[in-house]
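Asker:
Residue numbers (our numbering): 651 to 1013.
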């Protein structure tokens, strides 16, 4: 039988522990596994969820299942059953949602330990501490959405996207890059940039990478050629930027690759066409002059310069085409330029003045 002083000390101890659990941030629960009922819960659960003490009391011994999200209940039941085999030094964690008084849901993280055992050693009671992790869950969800967005932007980009390390080996590629190179993703992840860069472009490419890694530039942009898996050559425009951590250390490089093969072929065809057109003008026995949209001289073929007695075309470069035509022929030339700007063909006859140019022996 306990003396009165011992009973008083016990009462003080119980009061101390109860007040201690009431000021604990987490929700403390003692749960009896045999009776499958809550024996004790502190006031924190009411504070966290917005209920009054009376409302929590009215929910009775099954308040946690009563407040739990339906989707989490089956896992919660399985969690409680697994506690029967919990060792004294072990903890068991579980995350779930509880309904707030306002109707919303709060995420909780529960950590349980053995509180009491039967004489046989079987677990009879557990004590758990549940912390509100809603803010952490919200932050994790935002990060997940951000990562998902960037993953989709990478995978579904209409241009080639790559990540590669300091050894120039690919660590990530998207489908468009596979289409540009002709290689499958698993093949590319075993390769580096130089493996299919055209030999004539490798030196320039390596110089750009060295400048990037040395911190001389934060990105580079170049046009180069890939040798595709089928052996064909493809022109691409590559933009590469270094990704660094907060301390400035290199993490990886990200590359954006655009297929410009068609554009380069058009440019080559245009150059060849211009060269052909100029060869036709040069072979003409007539005076052929190329004008800009404002009617200013840009060039004149050699036969034209001979006919016009022009030894040096430089003084006439950029001068109006009609500057050597007297009136009213100058006006006809101006109107002919306007007709050409409208897509029409203009024809007229006119006299030209011979240009007065300074020659080495006089005028």
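A virtual CB, placed ideally from N, CA and C, is assigned to each residue, including glycine.
1) Please report the straight-line C-alpha distance between residue 958 and residue 937, rounded to a whole angstrom.
2) Whole angstroms are fine: how far does the CA of residue 688 sit from the CA of residue 711?
3) Please report the distance separating the alpha-carbon of residue 698 from that of residue 808.
4) Residue 1009: buried (16+ other C-beta within 10 angstroms of its C-beta) or exposed?
5) Tell me, which residues are paired with residue 884 by DSSP?
6) In this structure, how does DSSP classify residue 910 when only helix, strand and coil are distinguished?
7) Taking the alpha carbon of residue 840 as the reference point, which residue from 822, 786, 852, 848 has its own alpha carbon closest?
8) Starting from residue 694, follow the alpha helix (DSSP H) in both directions and report where the run begins and ends.
9) Should the stretch 804-820 be regarded as contacting the stretch 897-909, the criterion being three or more beta carbon pairs within less than 8 Å?
10) Quick one: what's got a C-beta closer than 6 Å to residue 766's C-beta in the same chain, skipping five residues either side?
11) For the stretch 867-875 and the stretch 847-855, state whether three or more C-beta atom pairs, one from each stretch, are separated by less than 8 Å.
12) In the DSSP assignment, what are the bridge partners of residue 777?
13) Would you mind working out which of 946, 983, 743, 953 sits nearest residue 934, comparing C-alpha positions?
14) Going by the CB atoms, is the gap between residue 1000 and residue 983 shorter than 8 Å?
15) Tell me whether residue 696 is buried or exposed, calling it buried when 16 or more other Cβ atoms sit within 10 Å of its Cβ.
16) Let's test the definition: count the other Cβ atoms within 10 Å of the Cβ of residue 722 and tell me whether it reaches 16, buried, or not, exposed.
17) Would the beta-carbon of residue 759 fall within 8 Å of that of residue 745?
18) Quick one: measure Cβ to Cβ for residue 890 and residue 869, integer angstroms, because I've assumed they're closer than 8 Å.
19) Could you check the C-alpha separation between residue 736 and residue 764 for me, to the nearest Å?
20) On the DSSP letters alone, give me the boundaries of the beta strand (DSSP E) that residue 749 sits inside.
21) Given a threshold of 16 other Cβ atoms within 10 Å of its Cβ, counted over all protein chains shown, does residue 657 qualify as buried or as exposed?
22) Who pairs with residue 1032 in a beta bridge, going by DSSP?
23) Start and end of the alpha helix (DSSP H) containing residue 854?
24) Where does residue 660 land, buried or exposed, given buried means 16+ other C-beta within 10 angstroms?
25) If you check the beta carbons only, do residue 694 and residue 678 fall under 8 Å apart?
26) So what does residue 869 bridge to, in DSSP terms?
Answerer: Per the coordinate set shown:
1) 8 Å
2) Distance from the CA of residue 711 to the CA of residue 688, rounded to the nearest whole angstrom, comes to 5 Å.
3) Computed Cα separation, rounded: 48 Å.
4) Any answer about residue 1009 is weak, because its pLDDT of 47 lies below 50 and its placement is not dependable; what the coordinates show is given next. Residue 1009 is exposed by the Cβ-count criterion.
5) 876
6) coil
7) 822
8) It spans 694-699 - the alpha helix (DSSP H) in which residue 694 sits, taken as one unbroken run.
9) yes
10) 774, 775
11) yes
12) 680, 763
13) For residue 934, the closest alpha carbon among the candidates 946, 983, 743, 953 is that of 953.
14) yes
15) Buried is the call here.
16) buried
17) yes
18) 6 Å
19) If you take the alpha carbons of residue 736 and residue 764, they lie about 7 Å apart.
20) 742-749
21) Residue placement at residue 657 cannot be trusted, given a pLDDT of 48 that sits under 50; what the coordinates show is reported in the next sentence. By the neighbour-count rule (16 or more Cβ atoms within 10 Å), residue 657 is not buried but exposed.
22) As displayed, the chain neither begins before 651 nor continues past 1013, which places residue 1032 out of reach and without an answer.
23) 852-863
24) Because residue 660 carries a pLDDT of 45, less than 50, the predicted location of this residue cannot be relied on, and the following value inherits that uncertainty. Exposed, by the Cβ-count rule.
25) yes
26) 891
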